[in-house]
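What the sequence shown shows, in my numbering, is residues 146 to 498, in sequence order.
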Amino acid sequence: MSDEVILDRVGSAAVIRLNRPKALNSLNLPMVRAIREAMEQYLDDASIQAVILKGEGERGLCAGGDIRVLYDMGQRSDPEATRFWREEFPLNYAISHYPKPYVVLMDGITMGGGVGLSAHGRHRIVTERTRLAMPETGIGYFPDVGATWLLPKAPGDVGTWMGLTGIEVDAAGAIYAGLADTLVPSDRLDALVEAIGALSGEADDGSVEATIARFSVPTTESALEKNRSVIDRCFGFDRVEDILEALAHEGGEFAATTRDTMLKRSPTSLKLTLRLLRAGRQSSGLVECLEREFGAGVELLRNHDFYEGVRAAIIDKDRNPQWSPASLDEVQAESIDAYLGGKHGSLFPDHRL
Numbered sequence: 146m147s148d149e150v151i152l153d154r155v156g157s158a159a160v161i162r163l164n165r166p167k168a169l170n171s172l173n174l175p176m177v178r179a180i181r182e183a184m185e186q187y188l189d190d191a192s193i194q195a196v197i198l199k200g201e202g203e204r205g206l207c208a209g210g211d212i213r214v215l216y217d218m219g220q221r222s223d224p225e226a227t228r229f230w231r232e233e234f235p236l237n238y239a240i241s242h243y244p245k246p247y248v249v250l251m252d253g254i255t256m257g258g259g260v261g262l263s264a265h266g267r268h269r270i271v272t273e274r275t276r277l278a279m280p281e282t283g284i285g286y287f288p289d290v291g292a293t294w295l296l297p298k299a300p301g302d303v304g305t306w307m308g309l310t311g312i313e314v315d316a317a318g319a320i321y322a323g324l325a326d327t328l329v330p331s332d333r334l335d336a337l338v339e340a341i342g343a344l345s346g347e348a349d350d351g352s353v354e355a356t357i358a359r360f361s362v363p364t365t366e367s368a369l370e371k372n373r374s375v376i377d378r379c380f381g382f383d384r385v386e387d388i389l390e391a392l393a394h395e396g397g398e399f400a401a402t403t404r405d406t407m408l409k410r411s412p413t414s415l416k417l418t419l420r421l422l423r424a425g426r427q428s429s430g431l432v433e434c435l436e437r438e439f440g441a442g443v444e445l446l447r448n449h450d451f452y453e454g455v456r457a458a459i460i461d462k463d464r465n466p467q468w469s470p471a472s473l474d475e476v477q478a479e480s481i482d483a484y485l486g487g488k489h490g491s492l493f494p495d496h497r498l
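Here it is in structure tokens:
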């Protein structure tokens with residue numbers, strides 16, 4: 146096991162602790178493997194009634210995948226550059242179908258790959274400190290880890306707004322978007338873990354859910370819900386240009402902020418993300434979306450914007466990416482088709498769509 150993943154027991158509950166607090170618990174390949182191995186072992190341990198995932202430190206559950214490693218491997222054309230996705234995406238699927246109660250504490254920053262570890266689970270707990278986002282268009286990438294399956298299921302076009310803008314939402318927004326279930330104050334999380342661990346016998350999802358409910362508090366109306374009508378009017382189009390035009394005519398601070406944010410994102414990423422989200426609406430299930438995302442990711446490593454986005458965000462930190470193409474009208478439909486048409490081998494060769 147990697148020391149970046151700590152395995153604990155609290156009574157009948159196994160606790161998986163992501164242990165890279167200085168890196169906001171960003172995921173790397175050894176962590177993915179350690180989580181998967183632990184979850185497989187827990188299935189055969191009758192003394193474990195539930196599995197709980199949490200992040201060490203007070204800043205967040207997980208800020209996503211370690212994109213610096215991916216950047217470095219891609220830059221040197223390392224054939225293993227895609228290995229992380231080849232193992233991360235099946236872990237996301239395993240979480241979505243995990244037989245034992247799976248509880249995730251989305252306390253603090255929960256973004257990108259952190260959403261993959263949490264939003265596919267059955268008991269998804271947020272706190273007053275939760276800041277959830279899929280911010281990938283800001284680094285020349287796109288929402289992955291099955292987000293193109295999850296986001297289209299949000300009310301109206303809320304998921305489209307989240308995927309294109311990458312703007313973070315709070316606990317109420319995460320619940321409204323269908324990416325979380327319950328709000329529990331952060332100072333009650335330790336007691337909640339103890340209570341779940343105290344469940345004995347054949348603890349099931351019903352008893353875990355009832356236990357969580359004892360610690361939960363109501364949420365207020367989210368900003369997403371307040372602005373739902375604006376989102377639906379502007380984000381129902383199938384062209385990014387039409388969305389931006391609708392936002393320009395909408396008026397109001399929310400529309401203006403949304404539009405300004407999108408104009409800073411990678412034009413290629415915006416168009417690719419919208420295509421993937423619309424494809425997700427018509428997909429048969431999570432596996433189909435993960436396969437499509439994987440193919441798009443492999444193609445993306447051959448192009449400019451991901452490397453430029455990472456450079457501007459975490460290497461030079463100038464926050465001034467120079468996208469290429471630099472504008473939406475320069476992004477050709479054929480170039481987006483190329484992201485979706487590659488053949489890179491199946492992540493789930495035995496799965497029937």
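All residues carry an ideal CB built from backbone N, CA and C; glycine is no exception.
One question on the structure: do residue i and residue j come within less than 8 Å of each other, judged by their Cβ atoms?
i	j	result
C207	G259	yes
A226	L473	no
N164	D148	yes
F229	L152	no
S367	D315	yes
E233	G257	no
N237	G205	no
V385	K409	no
G425	P297	yes
P330	V353	no
P557	A348	Beyond the ends of the chain as shown, which are 146 and 498, falls residue 557; an answer cannot be given.
M407	T255	no
G346	V375	no
G454	Y286	yes
Could you tell me the boundaries of the alpha helix (DSSP H) in which residue i lies?
i	result
L163	Here L163 belongs to no alpha helix (DSSP H); instead the beta strand (DSSP E) covers A158 to L163.
L415	P412 to R426
A483	A478 to L485
M407	E398 to L408
R178	L174 to L188
L215	I212 to Q220
M307	V303 to T310
K199	Counting along the chain, K199 falls outside any alpha helix (DSSP H), though it belongs to the beta strand (DSSP E) covering A195 to G200.
R464	Segment: none, R464 is in no alpha helix (DSSP H) and carries neither H nor E.
L445	L431 to L445
What whole-angstrom Cβ distance do residue i and residue j have, given they're in contact under 8 Å?
i	j	result
L324	L295	6 Å
L389	A400	Contact flag wrong, Cβ pair sits at about 10 Å.
Y452	Q194	Going by Cβ atoms, the distance from Y452 to Q194 rounds to 45 Å, so no, they are not a contact pair.
I341	I197	7 Å
D387	T413	Rounded, the Cβ-Cβ distance is 17 Å, inconsistent with contact.
Is residue i near the ligand ADP - that is, is its Cβ less than 7 Å away from at least one heavy atom of it?
i	result
E232	Among the components modelled here there is no ligand, and therefore nothing to report on the ligand ADP.
If you draw a straight line from the C-alpha of residue i to the C-alpha of residue j, how long is it?
i	j	result
I212	A239	22 Å
D405	D495	44 Å
G440	V476	19 Å
D252	N170	12 Å
T305	R269	21 Å
L498	G266	Confidence is the limiting factor: at L498 the pLDDT is only 42, short of 50, which leaves the residue's position unreliable, though a coordinate-based value still follows. Going from the Cα of L498 to the Cα of G266 covers about 21 Å.
F493	V290	14 Å
N448	I284	13 Å
L344	L215	41 Å
T293	I312	16 Å
A458	A183	33 Å
G210	S429	26 Å
Q427	R437	12 Å
S480	G202	42 Å
S469	G351	51 Å
I357	T327	8 Å
A478	S411	15 Å
T365	D217	42 Å
V100	P288	Outside the shown range of the chain, which is 146 to 498, sits residue 100, and nothing can be said about it.
K167	G200	11 Å
R154	N372	42 Å
D223	V150	26 Å
T403	G442	25 Å
For the beta strand (DSSP E) that residue i lies in, which residues bound it at each end?
i	result
H268	H268 to V271
I460	Unbroken run through I460: none, as it is neither H nor E.
R231	Counting along the chain, R231 falls outside any beta strand (DSSP E), though it belongs to the alpha helix (DSSP H) covering R228 to S241.
V150	V150 to V155
G283	Careful: G283 lies outside any beta strand (DSSP E) and carries neither H nor E.
L337	Where L337 is concerned, there is no enclosing beta strand (DSSP E), although the alpha helix (DSSP H) it sits in stretches over L334 to G342.
T293	That residue, T293, is in no beta strand (DSSP E); its alpha helix (DSSP H) goes A292 to L295.
A278	R276 to A278
T356	No beta strand (DSSP E) holds T356; the alpha helix (DSSP H) holding it covers D350 to F360.
V329	That residue, V329, is in no beta strand (DSSP E); it is neither H nor E in DSSP.
G205	G205 to C207
V249	Y247 to M251
T501	Residue 501 is absent from the model: the chain starts at 146 and stops at 498.
Worksheet item: Given 8 Å as the limit, is there contact between the segment 428–437 and the segment 336–344, that is, 3 or more CB pairs closer than that?
Response: no
Practice prompt. Inspect the CB distances between the segment 412–425 and the segment 480–495 and report whether three or more fall short of 8 Å.
Written response: Below 8 Å, enough C-beta pairs join the segment 412–425 and the segment 480–495 to call them touching: three or more.
Worksheet entry | the segment 377–384 / the segment 298–305 touching (three or more Cβ pairs under 8 Å) | yes
Discussion item. I'd like to know if the segment 309–324 and the segment 271–280 are in contact, where contact means that at least 3 CB-CB pairs between them fall below 8 Å.
Written reply: Yes: at least three Cβ pairs fall under 8 Å.
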